[in-house]
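Everything on this sheet refers to the single structure shown next.
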Amino acid sequence: MKSEPTKIPQATAKRLPLYYRFLENLSASGKQRVSSTELSEAVKVDSATIRRDFSYFGALGKKGYGYNVNYLLSFFRKTLDQDELTKVILVGVGNLGTAFLHYNFSKNNNTQIVMAFDVDESKIGSEVGGVQIYHWKDLKETINQEVTVAILTVPSAQAQKIADQLVDAGIKAILNFTPARLDVPDTVRVHHIDLSVELQSLVYFLKHYPV
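Note that the numbering used here gives residue 291 to position 175 of the sequence shown, counting from 1, and the numbers run on in steps of one.
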């Protein structure tokens, strides 16, 4: 994501892809304008938060009119670098990794897993979802400078060691699907997604905050 003149909060930055996806659907359906209330109902973010998020980027809408869908879509496409392909590698071709390779961000044209890595000799050289699997030991010789993002779907005991090698190979961002909390340099961004924690949280809210 390109840096903005005024640095926006991380919480706002995380919501931008959500807004963009909804705007894509609106544009495809032929809708020309949308209000913050309509956006709120669709993306489940309160309208005041949406207006505050959008305010970081200047006057994106008009009072009494709402927001021009195509203008917003164009604006966020540039903001989120949707016109540039982000090449991603995946490390760990187990059940979860295999599912990622078959999916391969099919609804997101600007993100693509271009290669995968594993240590299982029976998988090396094969393809899953059209993505070739390489041996982990060949990481440095295989990836190029265009690849700066990695998805980590390996056993948690191996996660830190692998993360260290990813950083050494030039990876700048890691989407970590292991329970391990990775220790990386300040120049590397890590987003942790622990599916078991998310499920436990969901069950807790289901029991204690029924809708």
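Using N, Cα and C, we set each Cβ at its ideal position, and we do this for glycine too.
Item to complete: Determine contact between the region 238–246 and the region 255–270, defined as no fewer than three beta-carbon pairs at a distance below 8 angstroms.
Response: no
Item to complete: Please check the pair residue 296 and residue 205, which I expect to be a contact at CB under 8 angstroms, by giving their CB distance rounded to whole angstroms.
Response: Along the sequence shown, one-based indexing puts residue 296 at 180. Along the sequence shown, one-based indexing puts residue 205 at 89. That belief does not hold up - the Cβ atoms of residue 296 and residue 205 are roughly 18 angstroms apart, past 8 angstroms.
Worksheet entry | For residue 291, the nearest candidate out of 195, 284 and 270 (CA to CA) | Working through the sequence shown from its first residue, we reach residue 291 at position 175. Of the candidates 195, 284 and 270, the one whose C-alpha sits nearest the C-alpha of residue 291 is 270.
Fill in: Cut-off 8 angstroms between Cβ atoms - residues of its own chain near residue 119, not counting five sequence neighbours on either side
Along the sequence shown, one-based indexing puts residue 119 at 3. Caution is warranted here: a pLDDT of 42 is assigned to residue 119, below 50, making its placement in the model unreliable, and no coordinate value can be reported.
Fill in: Reduced DSSP secondary structure (H/G/I, E/B, other) of residue 335
Missing from the structure shown is residue 335; the chain here goes from 117 to 327 and no further.
Worksheet item: By DSSP, does residue 266 sit in helix, in strand, or in coil?
Response: Within the sequence shown, numbered from 1, the residue matching residue 266 stands at position 150. Residue state, collapsed to three classes: strand.
Item to complete: In angstroms with no decimal places, state the Cα-to-Cα distance between residue 195 and residue 315.
Response: On the sequence shown, position 79 is the one that residue 195 refers to. On the sequence shown, position 199 is the one that residue 315 refers to. Each residue's Cα considered, the two are about 32 angstroms apart.
Item to complete: Starting from residue 323, follow the alpha helix (DSSP H) in both directions and report where the run begins and ends.
Response: Here residue 323 refers to the residue found at position 207 when the sequence shown is read from its first residue. Here the alpha helix (DSSP H) through residue 323 covers 311–324.
Practice prompt. Evaluate residue 221 with the Cβ neighbour count: other Cβ atoms within 10 Å of its Cβ, from every protein chain shown; 16 or more gives buried, anything less gives exposed.
Written response: Counting from one through the sequence shown, the residue named residue 221 turns up at place 105. When all chains shown are included, residue 221 counts as exposed.
Worksheet item: Where DSSP assigns a beta bridge to residue 150, which residues make up the other side?
Response: In the sequence shown, counting from the first residue as 1, residue 150 sits at position 34. For residue 150, which the question treats as bridged, DSSP gives the partners 183.
Worksheet item: Going along the chain, which unbroken runs of the beta strand (DSSP E) with 3 or more residues stay wholly within the region 238–264?
Response: 247–251
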